[in-house]
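To keep things clear, I will list the structure first and then write my remarks on it.
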Amino acid sequence: MAERSYTSREELDQYGFHPGVSVMAPLVCILLQAMLPKTFPWLIHIDLPLIATIFFAVSRRSPIAGTVTGTLIGLFQDGLTNHPFGVDGIAKGVVGYVAASIGFAVDVDNVINRIGLVFTLSMAQSGLLYLIAHWLLGDTSYRFLPVVELISAAANCVVAVPMFAVLDRFRIRD
Amino acid sequence: MLIAIVLMQVIALAMQVQRPSSVADVPSARAMEDAGAAPDGKHVSLLRRWTVTAMTPLETAVHATSVKVRGAWGNYVDLLHTRQTDAQLKQEVARLRVEEASFAEDAQQGRRLQKLLDFKQQYVTSTVAAQVIGTSGSERSHVLYIDKGSDDGLKPEQAVITPDGVVGKIRDVFPHTSQLLLISDPSSGAGVILATTRIRGIVKGTATGRVEIDNLTADSRIKVGEPVVTSGGDLVFPRGLPVGTIESIAPDPLHQPYTAIRIKTAANLSRLEEVLVITGTSAELPPTAAQDADAAEATAEANQRAADLIAEKLPGLHPDGEAAPAAAGADGKPVSDDPESQVGGAVGYINSGLPRPKPAVHPDKYSPGTVPPAAELTPGAPAQAPQKPATQSSPQ
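Those protein sequences? They're chains A and B, same order as listed. Heads up, the first sequence is in my numbering, so the first residue is 61 and it goes up one at a time. Heads up, the second sequence is in my numbering, so the first residue is 146 and it goes up one at a time.
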């Protein structure tokens with residue numbers, strides 16, 4: 061019986077996903093994100109596609125895969141808004157890249173680390189969206205509301221913990 | 146890799162927000178707002194159509210399922226209260242008919258004046274009912290998706306309302322779906338009039354999803370609670386549709402000397418299920434509305450005739466010492482000399498509307514007019530025998 065040897069943390073914790081899961085999970089997140097606020101308006105503060113982006117990025121541990129996944133999810137979200145294409149694409153692409161890079165350094169299976177990661181990256185995404193609106197689009201009406209962003213980040217953490225646990229079941233060790 | 150992807154998107158963003166030279170002079174924030182409200186360019190529209198086409202069938206399926214489940218439960222619950230609701234609705238209809246009749250004359254007078262002044266009023270002639278199937282999923286984009294599109298006759302820039310008030314306008318149209326831009330979106334706007342003071346303004350959405358008028362300076366006439374209606378000046382919303390009421394008035398620190406007049410929208414924008422898209426307007430009153438107006442006018446006239454008839458028969462209130470005029474015919478003489486044919490109570494008393502009672506054959510102390518007024522009685526004096534009432538109708 062051939063034995064596998066893991067020479068680095070990257071190889072040790074690198075996971076893959078079935079193509080169906082890679083496509084359907086973000087799609088379901090975007091669908092829920094678009095439908096749930098119709099019935100529960102306060103759910104608009106939770107960003108399910110962001111959580112999916114972070115999960116796939118830290119699981120695959122590949123900055124390229126994280127960037128591409130984040131960009132595609134973000135562009136899909138842009139398609140449903142009245143914003144130009146690229147606003148969420150850039151923000152989620154950067155988040156995917158950073159999440160995959162951080163995944164090398166920390167144990168992302170730990171719940172506390174996951175909460176910290178989601179909270180930090182939620183705030184980072186809000187900051188990025190503010191910068192894109194102000195600097196790239198020249199939209200001075202865009203406001204960065206710290207309290208709202210903090211509540212949103214906390215809500216994302218609450219949702220991310222069970223969602224990560226569910227998605228963990230679909231991981232395949234590469 | 147990251148830099149390449151981000152750079153590509155920055156270039157794509159720059160191409161999308163590039164404005165035609167005719168609007169290049171407007172400030173950048175204003176240009177951005179226009180970009181959010183206007184339909185996309187050709188290539189962007191294609192990308193958005195792909196995205197929406199991929200998403201809306203799923204949204205429609207989920208929405209249809211939830212509607213069926215809620216409908217089945219709702220039907221059961223509704224049956225429990227049908228009789229009570231029916232009675233309430235009947236009362237409501239009766240009340241509204243009376244109200245409608247009272248407004249009919251004012252409306253007719255208004256139309257006459259508009260015609261005299263050559264005022265172009267726009268009446269809503271046709272609407273398309275649509276159901277909300279989804280949202281943009283972003284807290285920065287106040288956009289909804291409805292289940293009607295170009296195949297149902299919808300076009301961009303058509304006004305969207307509910308029976309309560311204005312909702313927004315159609316931003317982009319796809320074959321079976323449309324993108325609805327709410328008035329709470331920062332890129333949205335509508336011309337309005339404050340109903341009491343008749344001050345004109347522009348209502349706009351804010352980044353936080355509120356609706357404000359931010360182009361008016363401080364004015365003591367503007368009060369909290371004043372209704373706000375559309376002015377029709379934006380050529381999107383017909384004149385007179387309710388927008389909401391003024392919720393608060395405060396100085397706008399970012400745009401001095403203007404005030405931020407916050408509006409509480411008449412339609413609940415966060416809980417929209419069904420909306421009406423205005424697909425047609427006309428300067429003439431629609432046939433069905435004209436019929437309703439005629440019916441209301443006829444009811445108002447009938448009510449007026451009935452009121453006049455009662456007023457003729459009932460004496461009015463007169464100052465002390467002044468005699469009530471007798472009911473007179475066309476020649477000025479009393480309608481009838483027969484006192485029994487006249488309605489009314491005893492002479493000098495406010496009329497009850499009932500026929501006068503016949504004089505008593507055997508009067509006693511309880512017969513009207515047999516006992517002198519209390520002011521003329523002396524305490525302790527012996528009781529007098531009842532006397533025959535001295536009324537004009539008493540037999541002599």
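Beta carbons: idealized from backbone N, C-alpha and C, even for Gly. Model, not experiment: these values are computed from the prediction.
What does the alpha-carbon distance come out to for the pair residue i and residue j?
i: Gly525 of chain B; j: Lys510 of chain B; result: 18 Å
i: Glu419 of chain B; j: Ile150 of chain B; result: 40 Å
i: Thr424 of chain B; j: Ala304 of chain B; result: 8 Å
i: Asp364 of chain B; j: Glu429 of chain B; result: 36 Å
i: Val178 of chain A; j: Trp102 of chain A; result: 19 Å
i: Phe319 of chain B; j: Ala447 of chain B; result: 51 Å
i: Asp309 of chain B; j: Leu414 of chain B; result: 11 Å
i: Gly294 of chain B; j: Arg233 of chain A; result: 46 Å
i: Leu417 of chain B; j: Lys98 of chain A; result: 8 Å
i: Gly159 of chain A; j: Ser122 of chain A; result: Sequence inspection shows Ala at residue 159 of chain A; the Gly mentioned does not correspond to that position. Rounded to the nearest angstrom, the two C-alpha atoms are 9 Å apart.
i: Thr270 of chain B; j: Thr433 of chain B; result: 9 Å
i: Pro172 of chain B; j: Leu108 of chain A; result: Legend: pLDDT at Pro172 of chain B = 44, less than 50; position of this residue unreliable, value from coordinates given subsequently. Each residue's Cα considered, the two are about 35 Å apart.
i: Ile344 of chain B; j: Thr375 of chain B; result: 11 Å
i: Val288 of chain B; j: Arg256 of chain B; result: 37 Å
i: Ala445 of chain B; j: Ala199 of chain B; result: 56 Å
i: Ser211 of chain B; j: Leu91 of chain A; result: 15 Å
i: Glu284 of chain B; j: Lys213 of chain B; result: 28 Å
i: Asp231 of chain B; j: Ala412 of chain B; result: 25 Å
i: Ala519 of chain B; j: Pro504 of chain B; result: 22 Å
i: Ala209 of chain B; j: Gly219 of chain B; result: 15 Å
i: Pro79 of chain A; j: Ile406 of chain B; result: 52 Å
i: Met160 of chain B; j: Arg203 of chain A; result: 24 Å
i: Thr515 of chain B; j: Lys458 of chain B; result: 28 Å
i: Ala443 of chain B; j: Ala395 of chain B; result: 47 Å
i: His194 of chain A; j: Asp379 of chain B; result: 28 Å
I'd like to know whether the C-beta atoms of residue i and residue j end up nearer to each other than 8 Å.
i: Val373 of chain B; j: Ala340 of chain B; result: yes
i: Glu95 of chain B; j: Ala441 of chain B; result: With chain B covering 146 to 541 only, the question about residue 95 of chain B has no answer from this structure.
i: Glu392 of chain B; j: Lys409 of chain B; result: yes
i: Gly336 of chain B; j: Gln93 of chain A; result: no
i: Lys314 of chain B; j: Leu299 of chain B; result: no
i: Leu224 of chain B; j: Tyr157 of chain A; result: no
i: Ile306 of chain B; j: Leu386 of chain B; result: yes
i: Val273 of chain B; j: Val422 of chain B; result: yes
i: Thr362 of chain B; j: Thr404 of chain B; result: yes
i: Val81 of chain A; j: Phe230 of chain A; result: yes
i: Gln154 of chain B; j: Gly149 of chain A; result: yes
i: Thr351 of chain B; j: Gly370 of chain B; result: no
i: Val347 of chain B; j: Ser323 of chain B; result: Note that residue 347 of chain B is Ile in the sequence shown here, rather than Val. Contact: no.
i: Leu152 of chain B; j: Pro144 of chain A; result: no
i: Val147 of chain A; j: Ile192 of chain A; result: yes
i: Pro383 of chain B; j: Thr426 of chain B; result: yes
i: Ile124 of chain A; j: Ala220 of chain A; result: no
i: Pro331 of chain B; j: Ser201 of chain A; result: yes
i: Arg316 of chain B; j: Asn142 of chain A; result: yes
i: Ile175 of chain A; j: Cys217 of chain A; result: yes
i: Ala438 of chain B; j: Ala249 of chain B; result: yes
i: Ile106 of chain A; j: Ala214 of chain A; result: no
i: Ile133 of chain A; j: Pro206 of chain A; result: no
i: Ile114 of chain A; j: Leu189 of chain A; result: no
State the beta-bridge partners of residue i as determined by DSSP.
i: Phe77 of chain A; result: A:Arg231
i: Val348 of chain B; result: B:Ala335 and B:Ile358
i: Gln236 of chain B; result: BP columns for Gln236 of chain B are empty, so no partner.
i: Ser271 of chain B; result: B:Gly425
i: Ile291 of chain B; result: B:Val277 and B:Ser323
i: Gly134 of chain A; result: DSSP output for Gly134 of chain A lists no bridge partner at all.
i: Lys510 of chain B; result: In the DSSP output, where bridge partners are listed per residue, Lys510 of chain B has none listed.
i: Ile306 of chain B; result: B:Val311 and B:Leu421
i: Val318 of chain B; result: B:Ser323
Review point. What runs of the beta strand (DSSP E), each 3 residues or longer, lie entirely inside the region 355-421 of chain B?
Key: Restricted to the region 355-421 of chain B, the beta strand (DSSP E) segments that are unbroken, complete and at least 3 residues in length are 356-362, 372-375, 387-396 and 403-410, listed in chain order.
Check your understanding: Any contact of the region 104-118 of chain A with the region 208-226 of chain A, i.e. 3+ C-beta pairs under 8 Å?
Key -> With the cut-off at 8 Å, the region 104-118 of chain A and the region 208-226 of chain A touch.
Review point. Below 8 Å, can you find three or more Cβ-Cβ pairs linking the region 140-156 of chain A to the region 164-174 of chain A?
Key: Judged by Cβ distances under 8 Å, the region 140-156 of chain A makes no contact with the region 164-174 of chain A, as fewer than three pairs qualify.
Review point. Is the region 347-359 of chain B touching the region 228-237 of chain B in the sense that three or more CB pairs, one from each, lie closer than 8 Å?
Key: With a cut-off of 8 Å, the region 347-359 of chain B and the region 228-237 of chain B do not count as touching, because too few Cβ pairs lie within range.
**Study point:** Cβ contact check for the region 125-135 of chain A and the region 203-210 of chain A: 3 or more pairs under 8 Å
**Key:** Short answer: they don't touch.
Review point. Does the region 199-208 of chain B come close enough to the region 274-294 of chain B that 3 or more CB-CB pairs lie under 8 Å?
Key: With a cut-off of 8 Å on Cβ pairs, the region 274-294 of chain B is in contact with the region 199-208 of chain B, counting three or more such pairs.
Review point. So, do the region 134-151 of chain A and the region 191-202 of chain B have three or more beta carbon pairs nearer to each other than 8 Å?
Key: Taking a cut-off of 8 Å for Cβ pairs, the region 134-151 of chain A and the region 191-202 of chain B touch, as three or more such pairs fall below it.
Point to revise | Every unbroken alpha helix (DSSP H) inside the region 141-173 of chain A [4 residues or more] | key: Counting only runs of 4+ residues, the alpha helix (DSSP H) found wholly inside the region 141-173 of chain A occupies 147-165, in chain order.
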